[in-house]
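First up is the structure itself, then whatever we jot down about it.
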Amino acid sequence: MTDQLLPVATGRRAGRVVADELRARPLAASLTALTAVCAAAAGLIAPTVLGRLVDAVDRGEGTIWPFVWALLGAALLSAVLTGLSAVLIARLGETVLARLREKVVDRALHLPSATLDRVRGGDLLSRVGDDVAKVADAVTSALPQVAGAGLTVLLTLVGLGALDWRLALAGMVALPLYVTALRWYLPRSAPRYAAERVAMGERSQALVSSVQGADTVHAYADEARHRAVVDDRSASALGITLGVFRLFTDFGWRMNRAEYLGLAAVLGVGFFLVRSGDVTVGAVTTAALLFHRLFGPLGLLLFTFDDVQSAGASLVRMVGVADLPDAAAAPRVRTAARPAVELRGIGHSYGGPPVLVDVDLALAPGERVALVGASGAGKTTLASVLAGGLDPAAGQVLLDGEPVADLRAQVGLVSQEVHVFAGSLADDVRLARPDATDAEVVAALETVGAGWATAMGLDTVVGDGGRELTAPQAQQLALARLVLADPPVAVLDEATAEAGSAGARDLEDAALAATAGRTTLVVAHRLTQAARADRVVVLAAGRVVEEGTHAELVEAGGRYARLWTAWSARG
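Next comes the structure, spelled out in structure tokens:
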């Protein structure tokens, strides 16, 4: 089963998503745009005042104080409007990003188990972590600057044209050089930024794999190899980043060349226009100041392509996840009865040899069936099919003889990997049913024998930053959630595997209590679970090879009997 990357949206699709979010907030978007235009227009006042001051001095007219006060007022107005514009742009951008982030996290949480098994953990982690951070940073810093700079450039060119069309044409001499620089830079930089994001995902994958398997790495003294992998992925990401930076510095001197040529053209044309009497010295001064004022905004626009393109590469990766089909869209209507379950003709593979081959399995209402077999026999895959986390390549699951739109509404799953969520102990259990009362939470905990939890107190903070729970205690919380959710069908996928031998019996008793009366499939890690089940089904190479009660299979002397003998010999 090879690792895959999650999909990446096109730039056009990402633009439509952002535009849709802006259209959903017309008042905020309009106010933000108007403020940005006013802020850019206020910046034109000072060069105009200075030009008129030059003409006034040239003609020996009046005092300079009105011009000084006008300059001070223009500076104050420009500062206030620029600050307000930056705040409004960042606020609107953060709001749009928050909605997109919610969609990304929602889709990530609803990814089917089969998809999560196929995709690289580092890729998903980087999309909900690094990519969100990169876009958020661009929204709060680069976006206000880019928006302000773009409007400043546009209005400044309009101002140059209003002074004299020939001065505007002179300033536009620099445009071909700007365009040439961009045409040189963009095709080279965009692929490198995309490669940089992928390399960062690879680096995250290497880090996640090493950290999650730290105990195993230590046990086999394999730290050097894992460190070498992390070093290699980090060096690869660093190499791409340095290459992008070198490209960016080459882009910089091309921009400076355009600025110098444009300013020289404005001053040269202005000299001849003043000499011919077509314009005043003040008008040329205003034109030169306006063009010089373009240096900052144009440089900012072009140099922030570094941040904009990096954020764009992250944005299309986020939209790629947000556009995944909504797996939670099907109606979730629960049946009140404990249904009969039938898995009919189930077949599945992960791109290689089949994992399940035409499996038929029936569970009577309220029956507890244990699924046993060697590692790789297909037990977890079959359990995932019944739990609704995996769509089989062939076959279907029926409840009371009818297919179900969303099995997750009917089936509660408790797996070996249990997470303790940060928050109060009561809230952790109440995840299964948010409207449950404290009394119902306590009853669920008592059902699974978690007296330690009620003694500790329902308000005790557990999870990250709180009290650390043992693996058996975390598993009891998961079983308590199952009791609180009260699904008609339950699947326990090695749900007692984390318990040591001393606590195994207690946890098995808790699992029995939690599933009492439910139609239950148990993937049995411990054969004592199989011995306490109503029926045992043995899988081998994706096929059902034996089934019957524990006593019947032991007496038959087949595969299960050999497994039981080996298990019993372990004591």
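Just so you know, we're using the numbering used here here: the sequence shown kicks off at 117 and counts up by one. Glycine is no exception: its CB is placed at the ideal position from the N, C-alpha and C atoms.
F537 and Q592 have their C-alpha atoms some 14 angstroms from each other.
Annotated as distal: L487 and A677, with beta-carbon spacing of 8 angstroms or more. Runs of the alpha helix (DSSP H) lying entirely within the region 211–292 and spanning at least 4 residues, in chain order: 229–234, 237–244, 246–253, 259–279 and 281–287. Between A509 and V638, the alpha-carbon positions lie close to 22 angstroms from each other. Sorting L595, T586, V520 and L600 by C-alpha distance to the C-alpha of D551 places L600 at the top. Under the three-state reduction of DSSP, D622 is assigned to helix. A straight line joining the alpha-carbon of A290 with that of S194 spans about 27 angstroms. Unbroken beta strand (DSSP E) runs of no fewer than 3 residues, entirely contained in the region 435–504, are found at 457–465, 470–479 and 484–488, following chain order. For P182, the secondary structure class from DSSP, reduced to helix, strand or coil, is helix. For H342, the closest C-alpha among the options D516, S325, G355 and A351 is that of S325. Nearest Cα to A521 within the set T296, A351, L502 and P469: L502. DSSP places E663 inside the beta strand (DSSP E), whose first and last residues are R659 to G664.
Minimum Cα-Cα distance from T164 among the listed residues G528, A155, A278 and D253 corresponds to A278.
Put simply, the backbone Cα of G428 is about 20 angstroms away from that of G355. Taking 8 angstroms as the cut-off, the beta carbon of A155 is found closer than this to the beta carbon of G264.
R223 and A480 have their C-alpha atoms some 35 angstroms from each other. For Q592, there is no enclosing beta strand (DSSP E); the enclosing alpha helix (DSSP H) has its first and last residue at A587 to A601. Taking a contact as a CB-CB distance under 8 angstroms, the pair G489 and L655 counts as one, their CB atoms being some 4 angstroms apart. Considering only G463, Y466 and V457, the residue with the shortest C-alpha distance to D516 is V457. Inclusion of T402 and L166 in the CB contact set at 8 angstroms is warranted, their separation being smaller than that value.
Under DSSP, Q512 takes part in a beta bridge, and its partners are R460. Between A297 and R349 the beta-carbon gap is near 33 angstroms, outside 8 angstroms, which marks them as no contact. The beta carbon of A252 sits closer than 8 angstroms to those of E210 and L213, all from its chain and outside the five residues before and after it, given in chain order.
The straight-line gap separating the alpha-carbon atoms of L561 and G567 is approximately 7 angstroms. In the three-state scheme derived from DSSP, where H, G and I count as helix and E and B as strand, A656 is classed as strand.
Taking the CA atoms as reference points, L143 sits about 47 angstroms from A351.
The three-state reading of DSSP puts R583 in strand, counting E and B together. Cα atoms of A152 and R207: separation of roughly 13 angstroms, rounded to the nearest angstrom.
Apart from the 5 residues on each side of it in sequence, W680 sits with its Cβ closer than 7 angstroms to the Cβ of L643 and V670 in its chain, given in chain order. Residue environment analysis places G505 among the buried positions, since at least 16 neighbouring C-beta atoms fall within 10 angstroms of its C-beta. The alpha-carbon separation between S684 and A647 amounts to approximately 12 angstroms. Residue environment for A438: buried (at least 16 other C-beta atoms within 10 angstroms of its C-beta). Closest in alpha carbon position to G492, among R373, A311, V221 and R659, is R659. Non-local beta-carbon contacts of D246 in its own chain, meaning distances under 6 angstroms to residues more than five positions away in sequence, involve M316 in chain order. Following the DSSP letters along the chain, one finds A606 inside the beta strand (DSSP E) bounded by residues V605 to D609. In this structure, the beta-carbon distance from R651 to E483 falls below 8 angstroms.
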